[in-house]
Amino acid sequence: MKQRLCERESEVVAAARNDSFSPELNRHVQSCSSCQKTQRVAQLFLQNAAFLQAQNHPMAASHVWRQAQRRKQELALKRATRPLLFMRVLSGIYIVALATWLLHNLWPSLRPELILNWSAAASIGTVMAILLIVAGSGYFLYHEKRSGNIFPSV
Amino acid sequence: MQEAYPVAEPIPLSERGAEIMDEQEFQSLYNLTARPILAYLIGVTRRRDIADDLLQETFCRFLMRRPSAMDTNETRRYLFRIASNLLRDRWRRGEDVPCPEADEDGFDIDVDTQIDVHSALRLLKPRERELLWLAYVEGMNHEEIAAATGLRAISVRMLLFRARHKAAGLLRPERERV
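Going down the list, the sequences are from chains A and B.
For what it's worth, our numbering labels the leading residue of the first sequence as 16, then goes sequentially.
For what it's worth, our numbering labels the leading residue of the second sequence as -7, then goes sequentially.
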């Protein structure tokens, strides 16, 4: 015979949790094999739960609190340094690009025209540096504004 | 009438919707929920050391995520959900090595049948213990268990049915093992 869940299983579970079986429910359990199993298993699990709760004490709340606060600070620090990492990467790209450009222009020869090229190169490099610094600073300020209080109060 | 299993008292949370919880509020919440969650974790993993780590991780994640305003039951369910997710992560990583005879400090003997409950429950799989615990100890319905465990409600119904059947077989009086 295929076992099926009884529709009154939830009632049996609730009664087991509150230790409050009504006479009517008791009569039903005695006549329903499914609910008998439910009652048996539920009561033993509840008994085991009570036993484990009595035998085992959790660590102090203050310890968990401190651990959580440490993690929050580490996460905040990581977020705060992310724009700096971004600028570092940008700086690296800029240096490589500028070096490549300079080598490309300086390599052919050292001619008097080079002085003019050098001034032009320096001007372009300066403009690029300013643009990248502005872009990096803007990103940093945007990120700071978006994250609000970066360092939460402890 | 003495309650067999104490019902959780209201958890006093900040009026600002519990997004910012101070230490005192956390202490109140912890005092009400830590012990049941620790028992749950020990009951499923059968290892106190792992349960301690998972308990700490559960509450740390709760504080880090800053959940929006929740009532008592919702907070408790949420904590059990985090704990269940951590258990599932462990199982996925294959870290499910039971500690042999770990719980030797006192035996949990059923007075009616003198069955060693610990030994009987150890024969269940961790997933089975998890589902039965959430259903019978925490009183969750199938949808709530599904939300906590990541399973579908229809899968929960089937798995729970099988787990209950298996547990009932293990806990029959004729299978005394003291």
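For every residue, glycine included, the Cβ atom is placed at its ideal position computed from N, Cα and C.
Treat the numbers as computed from the prediction; the structure is a model and nothing was measured.
Query	Result
DSSP state of Pro73 of chain A mapped onto helix, strand, coil	coil
For Leu123 of chain B, the nearest candidate out of B:Arg68, B:Ala139, B:Leu163, B:Ala112 (CA to CA)	B:Ala139
Sub-8 Å separation of Leu79 of chain B and Met13 of chain B beta-carbons	no
Own chain partners of Arg121 of chain B with C-beta closer than 7 Å, once the 5 adjacent residues on each side are dropped	Gly35, Val36, Leu113
Inter-residue Cα distance where the pair is Arg184 of chain B and Ile137 of chain B	The displayed coordinates of chain B run from -7 to 170. Any statement about residue 184 of chain B would go beyond what the structure contains.
Cβ-heavy atom distance, Tyr128 of chain B to the ligand FAD, below 7 Å	Absence of the ligand FAD from the depicted structure is noted, as is the absence of any ligand whatsoever, leaving it without description.
Per-residue DSSP class, three states only, for Tyr157 of chain A	helix
Touch test, the stretch 38 to 58 of chain B against the stretch 107 to 115 of chain A, Cβ-Cβ under 8 Å, three pairs minimum	no
CB contact flag (Asn120 of chain A, Ala136 of chain A, <8 Å)	yes
Collapsed DSSP secondary structure at Tyr62 of chain B in the structure displayed	First, the amino acid is wrong: residue 62 of chain B is Met here, not Tyr. Note: Met62 of chain B maps to coil in three-state DSSP.
Chain B residues whose Cβ lies nearer than 8 Å to that of Lys87 of chain A	Leu55, Met56
Local Cβ density within 10 Å of Val111 of chain A, reported as buried at 16 or more and exposed below that	exposed
Sub-8 Å separation of Met74 of chain A and Asp44 of chain B beta-carbons	yes
Cβ neighbours of Glu130 of chain B in the same chain (closer than 7 Å, five flanking residues each side left out)	Phe72
Buried or exposed by the 16-neighbour rule on C-beta atoms within 10 Å, applied to Ala30 of chain A	buried
Ile139 of chain A versus Lys160 of chain A - alpha carbon distance	31 Å
Segment contact, 8 Å Cβ cut-off, at least three pairs: the stretch 15 to 23 of chain B with the stretch 52 to 62 of chain A	no
Option nearest Val109 of chain B by Cα separation, candidates A:Arg94, A:Ala64, A:Ser134, A:Lys93	A:Ala64
For Leu40 of chain A and Ser77 of chain A, the rounded distance between their alpha carbons	45 Å
Assigned secondary structure, Glu26 of chain A (DSSP; H/G/I helix, E/B strand, else coil)	helix
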